[in-house]
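Chemist:
There are 2 protein chains.
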Amino acid sequence: MAQLWSNHNTIFTAKPSPLATFISIIVLCILGFYTLHYVHSPSPLSSSQNALRFHQTFLSAASNDTVATYLRHLTMHPHVAGTQPSNETANYVLSHFKGLGLDAHSVPYKALLSYPTHSSLSLHFSNGTRADLPLSEWGGTRKIGVDGVVRPYHAYSPSGAVSHAKAVFVNLGRDEDYRLLGRVGVNVSGCVVLARRGNLPRFAVVEKAAAHGAAAVLLYTEGGGSGYRFRKGFERGTVMSGVGDPLSPGWAGVSGGESLSVDDADVSRRFPKIPSMPLSSEAAETILVSLGRAPVPAQWRKSVTSKVRRVGPGPTMVDFNYQGEKKVATIHDVFAVIRGLEEPDRYVLLGNHRDAWTYGAVDPNSGTAALLDIARRFARMRDLGWTPRRTLVFCSWDAEEFGMIGSTEWVEQNLGNLGSRAVAYLNVDCAVQGPGFNAGATPQLDNLLLEVLKKVKDPDLEGSTLYRNWADRDSQNVITRLGRVDSDFAAFVQHSGIPSIDLYYGRDFPVYHTAFDSYEWMTNYGDPLFQRHVAVAGVWGLLALRLADDSILPFNYCSYAEQLKGHTELLSKFLDGIGYLSPLTTSIQEFASVAKEIEIEIEAQMLREQESSTSELVTLKKRALNDRLMLTERGFLDTDGLDGKRWFKHLIYGPTNDLESELDFFPGIADAKLRSAGMNLRQRQALIQHEIWRVARAVQRATSALRGELS
Amino acid sequence: MAQLWSNHNTIFTAKPSPLATFISIIVLCILGFYTLHYVHSPSPLSSSQNALRFHQTFLSAASNDTVATYLRHLTMHPHVAGTQPSNETANYVLSHFKGLGLDAHSVPYKALLSYPTHSSLSLHFSNGTRADLPLSEWGGTRKIGVDGVVRPYHAYSPSGAVSHAKAVFVNLGRDEDYRLLGRVGVNVSGCVVLARRGNLPRFAVVEKAAAHGAAAVLLYTEGGGSGYRFRKGFERGTVMSGVGDPLSPGWAGVSGGESLSVDDADVSRRFPKIPSMPLSSEAAETILVSLGRAPVPAQWRKSVTSKVRRVGPGPTMVDFNYQGEKKVATIHDVFAVIRGLEEPDRYVLLGNHRDAWTYGAVDPNSGTAALLDIARRFARMRDLGWTPRRTLVFCSWDAEEFGMIGSTEWVEQNLGNLGSRAVAYLNVDCAVQGPGFNAGATPQLDNLLLEVLKKVKDPDLEGSTLYRNWADRDSQNVITRLGRVDSDFAAFVQHSGIPSIDLYYGRDFPVYHTAFDSYEWMTNYGDPLFQRHVAVAGVWGLLALRLADDSILPFNYCSYAEQLKGHTELLSKFLDGIGYLSPLTTSIQEFASVAKEIEIEIEAQMLREQESSTSELVTLKKRALNDRLMLTERGFLDTDGLDGKRWFKHLIYGPTNDLESELDFFPGIADAKLRSAGMNLRQRQALIQHEIWRVARAVQRATSALRGELS
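Protein chains in written order, with this note's numbering: chain Z, 596 to 1306; chain D, 596 to 1306.
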């Protein structure tokens, strides 16, 4: 503006004449209009200013019926990844997006999947009788059950048959369970191990059993009290460790791309060495009550009914047979894109997987139905004139159940552009499992999440918002963190450092991964009126809208700093004096102080935007500020990743090798403590201290990104 | 614009009145001015538009005298990194920057350096006589020589004494040299090996000698024909492998940060296991002519004078003694920043190291003098009203001679911000070694370099530009690539994927790393009138100005695609049928096609800028385009890096393990060929093919960044 005035100064110093006076008036008018225009009128093309009223449109466009219809369609047939019915769900989602006029496409990947071909299980009781246990919800031995439901199996289990092996119960199959068994003289070597599903991942249960010499594993899930029928349910699931297609570790399994051989050591180490199968809790009880020998340890009494007195081994003997095949199949991720107007190169991603072990009414298509409804509402908003500031991407992942394969391959293929352009990833897997809203987030998104919860009605509490219920709990403790490897946020958070949120209603549900996870179950138990679906969609969509439309990204790093402080306090107890934490606490203090500074900068920028035009300088200043906010999370990534599992790059949130660890953050430090268990004190300290340093430097990198200055 | 018209439409449809007519005129004038202003007048705050005339100012502000004065000051005293005289050069540079009114600061790092404490070398000839060889340019045994020049040594050599060992000549110390010796029955075990410096890095010469059982190494450099005096020169240098402070591998060695112990295996493996020292060619000849036994192999005859007939071992016996100390010292990188107006968060970096083995008139302070002169000229331009569009950063590195330590530590500390913000790094080490302009570049900068050469006068050819001479050669072959690890661009290109250029005059010079590398040598031989300094500064500064001021980054990826095709043709010959190259050629074709597309986009954007205002949309569109151009090079990085040297992340340009390889690109493939030498054909193919795939995927990542779209 300064230069503009001086450009015209000559006119004012010229000798006054009628013409000059007229020109002066014109010029004054021009300048007046110019100033007025710059100060007050919004840019006609800007979308951000109008976004807020569209957010209300979004909420009011909710429709329970529509969500129900989507879910009905999606759950018509069972749709395990890699099968024809699964491809049909891909087409359904793609057609839906296209029907809305969205820019939609499908991306295929080749991946090694796994299917059962035969299974049987017979018991020989001590009284000489024999029983064939049912190995499916519908009984019988058909490979494909009623209406095409795949028979219960553990994906990637090796094929194997074991004859006349003793059955033995190992509780949850944790190290401490085997220690307890060892103490009462129980040796599981050569036995068929029966374990109850707890917090250990399936592959870990099988791995530990194999390490103790077991011949095969049966894994059952106590269905809870929701009706006897569900006790006949079998929890299918994968027993592969790690994430993504095993034949293309670290890169995308595109057609024509590099593909390792199945017998490559890097591939086969991800599969268990002994076969396993899931069992219904009803069938498990048949075995459990027949066991003799060692009595149930006192510590396990809660685990089993009082009918179970002894853990074996034997006298019941088991004939176990599982035959399956691993084969390369084509999977399909489906996308719809709403291109941002001002910042098309900044992405807000909404993701949910589509593949299911059976009908998938809860897992995952309650989430898919919500996703499709958000797309419908956004399309309507677009018809009303709304365009987001940033690009919105709907992601419908395939083959999550086999090990987050669809999302992992896509993230691997797009790592560069995601790293430099992705603002946030919003995941919903099982949208509704039952009552009670839950959320996990990387901590810079905590505040945004709470703000959004204030805008969404609580479907289970008349006249209240989701926030009320939430605030009644201690918010600090109820937003979980995303270090788990159990849904599609893993590749986004743990491999790529993209701020993420995970939303779901309910926690455990009795029909998890069973043939009973159907539309019928949802309408009878999970969400009969589909209000909870609508609530999740409301939160999910509003989060996306805020992230896509807010002029300044709604990230708060003071929350992150607070959370890191909290983590460090727990770490201190966990380490119990081994290693010094000062490098970490110092770097967190610095992070907290820069987080405060940027809050002030954000306020100044907001003021600037209100007061001045969208000149190139203001536009670029905002862009730079947003880039700092966006890229800070990437600082927590370490190029070397976690020791022994380098794909996991995030040093704050990721999986620990100690699967029973009480620490669900700082996984490298937890691993170091576990690994150093047999070492002398000096070695332990050195190993743990190095990991503390690595985390401290990760926090420094995040600080440096947030500050946005070179040293 | 659309909304503006409709806002005022009501006025035109109102019933005409004198007031309305007047208002109409005013409004028309306003609109006229507005349109005029938007279409033709440059934004008053924009710097880019005015940049071009300042580029002429830059060239005309050159001054040979000033450059000479800077060089005189810098080379007053020898200034090995970590010593007081070296710190004084840091202060000199810092004061210079500050004196110009630039925003300057110094960043200290702790690093493990290495200095000699004692050295001696005695010969026992077969005739019973004995000679103490001089171990410095000035003779004598003082630790610090004439005017404080450090005595000749190999930094990081272990201390060690060897008595009465046979001397043996091994030519350049390559594997083929040892093979040749083996064939004539020469065993170097227990000997003091004498080698002539060729293309092998020093550490490799020592490592190979140690592998053959040698007890110590003497390394001499044939000084060329430039006067007998220089044959008394000793080439100091580092024998550490890898780059950066050995105590902080992969992270910055900041005060109070993590520091490994010197005896940590990760540290000590970077140092040779046997001691070594440099020797003058004069002293080397004394040994060479006294050797007996095996005759000089025919293949080596060119290597040595005709006076040398035999290679030993013996009969001459050697007493070798080198004592040195490794110690942690503080080094200082010095920076000056000229903050960009529109894009302060985009960096163009000009870097040169400051530390020298002796006076450093060529290496590196000819470059420093040029850097200081560019800073002077830029400061003057700033006083005349110029501000760059992007931020310019002058970098004066310390401890390059020990292994690119200053630049490496700083890059490690700033990796995140450099990765997301650095546009280009422009390196000059020895600006002037003699006649003949040379340049290396990552290939997207080739065209820019040639354009700039057209603007700079050739100091050695009246009335010609540097381009003329250049164009007479075949440009495709004379711009070298940056896979070498011999100057500060290593961390920028090979660790961080930042487009880079390296400039220098002359190639080999006879006083390299000797006490004769002084101001006197420069004024007598290197550049008596300092015209070549001025030419390098001209190219260097203009490159920086174009990169900092051009509205669209002057990157051309078609050149890169062409170069990759050329590399692949050479690779095909190199592999000679092992492995199939189709994944690589396919991905390069795709890269080439996207490179063409973006050329068209760039033209469209330039047109758009001429035709329309700097609205938010145009501004952000340009920013997004520039970001794609900037980030493409990062795609060549691989998180796993090169096998066995993971710090090197760039799969196109980086060091090969086969130090005699004819391939100076695709280092991972060259390594795989070397590593697979003893394997069967199937294993060889698998290993090499995997590396071809990795490079193909790197090219795909670059393509994806350049395209800027998700899959």
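The beta-carbon is built from N, C-alpha and C at its ideal position, and this holds for glycine as well. Model, not experiment: these values are computed from the prediction.
Just confirm the distance between the C-beta atoms of G832 (chain D) and H1108 (chain D), as a whole number of angstroms; I'd bet it's less than 8 Å.
Modeler: By one-based count along the second sequence, residue 832 (chain D) stands at place 237. By one-based count along the second sequence, residue 1108 (chain D) stands at place 513. So it is a contact: roughly 6 Å between Cβ atoms.
Chemist: CA-CA distance, E920 (chain Z) and E683 (chain Z)?
Modeler: Working through the first sequence from its first residue, we reach residue 920 (chain Z) at position 325. Working through the first sequence from its first residue, we reach residue 683 (chain Z) at position 88. So the alpha carbons of these two residues sit roughly 23 Å apart.
Chemist: Based on the DSSP secondary-structure assignment, which residues constitute the bridge partners of A1036 (chain Z)?
Modeler: Within the first sequence, numbered from 1, the residue matching residue 1036 (chain Z) stands at position 441. Answer is Z:I1096.
Chemist: Taking the alpha-carbon positions, what's the Y633 (chain D) to T652 (chain D) distance?
Modeler: In the second sequence, the residue the question calls residue 633 (chain D) occupies position 38. In the second sequence, the residue the question calls residue 652 (chain D) occupies position 57. Because Y633 (chain D) sits at a pLDDT of 40, beneath the cut-off of 50, its placement in the model cannot be relied upon, and the point is left open.
Chemist: Taking all protein chains shown into account, do 16 or more other C-beta atoms lie within 10 angstroms of the C-beta of I1195 (chain D), making it buried, or fewer, making it exposed?
Modeler: The residue labelled residue 1195 (chain D) in the question sits at position 600 within the second sequence. I1195 (chain D) should be labelled exposed.
Chemist: Taking the straight line between their C-alpha atoms, what separation do you get for L626 (chain Z) and A1026 (chain Z)?
Modeler: Position 31 of the first sequence, counted from the start, is the residue given in the question as residue 626 (chain Z). Position 431 of the first sequence, counted from the start, is the residue given in the question as residue 1026 (chain Z). In this prediction, L626 (chain Z) has a pLDDT of 46, which is less than 50 and means its spatial position is unreliable; what the coordinates show is noted afterwards. For L626 (chain Z) and A1026 (chain Z), the distance between alpha carbons rounds to 56 Å.
Chemist: Give the range of the beta strand (DSSP E) segment to which P1178 (chain D) is assigned.
Modeler: Within the second sequence, the letter at position 583 stands for residue 1178 (chain D). P1178 (chain D) -> not in any beta strand (DSSP E); alpha helix (DSSP H) instead, spanning 1177–1206.
Chemist: Around the Cβ of D858 (chain Z), are there at least 16 other Cβ atoms within 10 angstroms (buried) or fewer (exposed)?
Modeler: Working through the first sequence from its first residue, we reach residue 858 (chain Z) at position 263. By the neighbour-count rule (16 or more Cβ atoms within 10 Å), D858 (chain Z) is not buried but exposed.
Chemist: Starting from R985 (chain Z), follow its DSSP beta bridges and name the residues at the other end.
Modeler: Numbered from its first residue, the first sequence carries residue 985 (chain Z) at position 390. Paired residues: Z:E938.
Chemist: Check whether chain D comes within 8 Å of L979 (chain Z), counting only Cβ atoms and requiring the distance to be less than that.
Modeler: Position 384 of the first sequence, counting from 1, holds the residue named residue 979 (chain Z). It does not: the Cβ of L979 (chain Z) has no partner Cβ on chain D nearer than 8 Å.
Chemist: Touching or not, the segment 929–940 of chain Z and the segment 654–662 of chain Z, by the rule of three or more beta carbon pairs under 8 Å?
Modeler: no
Chemist: Output needed in chain order: residues of the segment 790–821 of chain D with a Cβ under 9 Å from some Cβ in chain Z.
Modeler: none
Chemist: Does the distance from the C-beta atom of L813 (chain D) to that of V787 (chain D) stay below 8 Å?
Modeler: Residue mapping note: residue 813 (chain D) aligns to position 218 of the second sequence, counting from 1. Residue mapping note: residue 787 (chain D) aligns to position 192 of the second sequence, counting from 1. Contact flag set, yes.
Chemist: Roughly how many angstroms separate the alpha carbons of E1304 (chain Z) and A1139 (chain D), rounded to a whole number?
Modeler: Residue 1304 (chain Z) sits at position 709 when you count from the first residue of the first sequence. Residue 1139 (chain D) sits at position 544 when you count from the first residue of the second sequence. Near 20 Å, if we compare the C-alpha coordinates of A1139 (chain D) and E1304 (chain Z).
Chemist: Spell out whether any CB of chain D is found under 8 Å from the CB atom of R1296 (chain Z).
Modeler: Your numbering for residue 1296 (chain Z) matches position 701 in the first sequence. Answer yes: the Cβ-Cβ gap between R1296 (chain Z) and chain D drops below 8 Å somewhere.
Chemist: Exposed or buried, what is A1115 (chain D) when buried is set at 16 or more other beta-carbons lying within 10 Å of its beta-carbon?
Modeler: On the second sequence, residue 1115 (chain D) is found 520 positions in, with the first residue counted as 1. Note that residue 1115 (chain D) is Glu in the sequence shown, not Ala. Exposed.
Chemist: Taking only beta-carbon atoms, is N1064 (chain Z) less than 8 Å away from chain D?
Modeler: Counting from 1 along the first sequence, the entry for residue 1064 (chain Z) is found at position 469. Closer than 8 Å: no.
Chemist: Would you please verify whether the beta carbon of S991 (chain Z) is less than 8 Å from any beta carbon of chain D?
Modeler: Walking along the first sequence from the start, residue 991 (chain Z) turns up at place 396. Chain D contact via Cβ: absent.
Chemist: Give me the Cα-Cα distance between F1261 (chain D) and A1291 (chain D), rounded to the nearest whole angstrom.
Modeler: Locating residue 1261 (chain D) in the second sequence gives position 666, counting from the first residue. Locating residue 1291 (chain D) in the second sequence gives position 696, counting from the first residue. F1261 (chain D) and A1291 (chain D): Cα-Cα distance of roughly 10 Å.
Chemist: I'd like to check one pair, R865 (chain D) with S843 (chain D): are the Cβ atoms closer than 8 Å?
Modeler: Translated into the one-based positions of the second sequence, residue 843 (chain D) becomes position 248. Translated into the one-based positions of the second sequence, residue 865 (chain D) becomes position 270. In this structure, R865 (chain D) does not lie closer than 8 Å to S843 (chain D) by Cβ.
Chemist: Of all Cβ atoms in chain D, is any one closer than 8 Å to the Cβ of G1230 (chain Z)?
Modeler: Start at 1 with the first residue of the first sequence, and residue 1230 (chain Z) comes out as number 635. Answer yes: the Cβ-Cβ gap between G1230 (chain Z) and chain D drops below 8 Å somewhere.
Chemist: On the three-state DSSP scale, how would you describe L647 (chain Z)?
Modeler: In the first sequence, counting from the first residue as 1, residue 647 (chain Z) sits at position 52. Residue state, collapsed to three classes: helix.
Chemist: Relative to the C-alpha of Y942 (chain Z), which candidate in Z:G1011, Z:W1242, Z:G1263, Z:E853 has its C-alpha closest?
Modeler: As a working mapping, residue 942 (chain Z) is identified with position 347 in the first sequence. It is Z:G1011.
Chemist: Looking at the secondary structure, which residues open and close the alpha helix (DSSP H) in which K1268 (chain D) lies?
Modeler: Within the second sequence, residue 1268 (chain D) is the residue found at index 673, counting from 1. From DSSP, the alpha helix (DSSP H) with K1268 (chain D) extends over 1262–1270.
Chemist: Going straight from the alpha carbon of L1148 (chain Z) to that of A1219 (chain Z), what length do you get?
Modeler: In the first sequence, counting from the first residue as 1, residue 1148 (chain Z) sits at position 553. In the first sequence, counting from the first residue as 1, residue 1219 (chain Z) sits at position 624. Spanning the two alpha carbons is a distance of roughly 11 Å.
Chemist: Any idea if P890 (chain Z) is buried or exposed, counting beta-carbon neighbours within 10 angstroms, 16 or more meaning buried?
Modeler: If you number the first sequence from 1, residue 890 (chain Z) lands on position 295. Within a 10 Å sphere around the beta-carbon of P890 (chain Z) sit fewer than 16 other beta-carbons, which makes this residue exposed.
Chemist: Given this structure, state the Cα-to-Cα distance separating G839 (chain Z) from W992 (chain Z), to the nearest angstrom.
Modeler: Locating residue 839 (chain Z) in the first sequence gives position 244, where the first residue counts as 1. Locating residue 992 (chain Z) in the first sequence gives position 397, where the first residue counts as 1. Each residue's alpha carbon lies about 12 Å from the other.
Chemist: Does DSSP put L1021 (chain D) in a helix, in a strand, or in coil?
Modeler: Numbered from 1 along the second sequence, position 426 holds the residue referred to as residue 1021 (chain D). Three-state result, L1021 (chain D): strand.
Chemist: Just to make sure I have the definition right: I need the residues of chain Z whose C-beta is within less than 7 Å of the C-beta of E1310 (chain D). Which are they?
Modeler: Chain D is shown from 596 up to 1306; residue 1310 (chain D) falls before or after that span and cannot be answered.
Chemist: In this structure, how does DSSP classify S638 (chain Z) when only helix, strand and coil are distinguished?
Modeler: Your numbering for residue 638 (chain Z) matches position 43 in the first sequence. Note on S638 (chain Z): pLDDT 41, under 50, position unreliable in the model; the coordinate value appears next. Residue state, collapsed to three classes: coil.
Chemist: Is there a Cβ from chain D that is less than 8 Å from the Cβ of N1012 (chain Z)?
Modeler: The sequence position of residue 1012 (chain Z) within the first sequence is 417, counting from 1. Closer than 8 Å: yes.
Chemist: Among Z:A1187, Z:V1106, Z:K1217, Z:H700, which residue has its Cα nearest to the Cα of G955 (chain Z)?
Modeler: Taking the first sequence and counting its residues from 1, one reaches residue 955 (chain Z) at position 360. Minimum Cα distance to G955 (chain Z) is reached at Z:V1106.
Chemist: Any C-beta of chain Z sitting closer than 8 Å to the C-beta of L1305 (chain D)?
Modeler: If you number the second sequence from 1, residue 1305 (chain D) lands on position 710. Yes, contact with chain Z.
Chemist: Just to confirm, is the Cβ distance from D1112 (chain D) to M999 (chain D) under 8 Å?
Modeler: As a position in the second sequence, residue 1112 (chain D) is number 517, starting the count at 1. As a position in the second sequence, residue 999 (chain D) is number 404, starting the count at 1. Not closer than 8 Å, so no.
Chemist: Go ahead and label Y1155 (chain D) buried or exposed: buried means 16 or more other beta carbons lie within 10 angstroms of its beta carbon, across all protein chains shown.
Modeler: In the second sequence, the residue the question calls residue 1155 (chain D) occupies position 560. Y1155 (chain D) should be labelled buried.
Chemist: Please list, in chain order, the residues of the segment 698–717 of chain D that have any C-beta partner in chain Z closer than 7 Å.
Modeler: Residues passing the 7 Å Cβ filter: V702.
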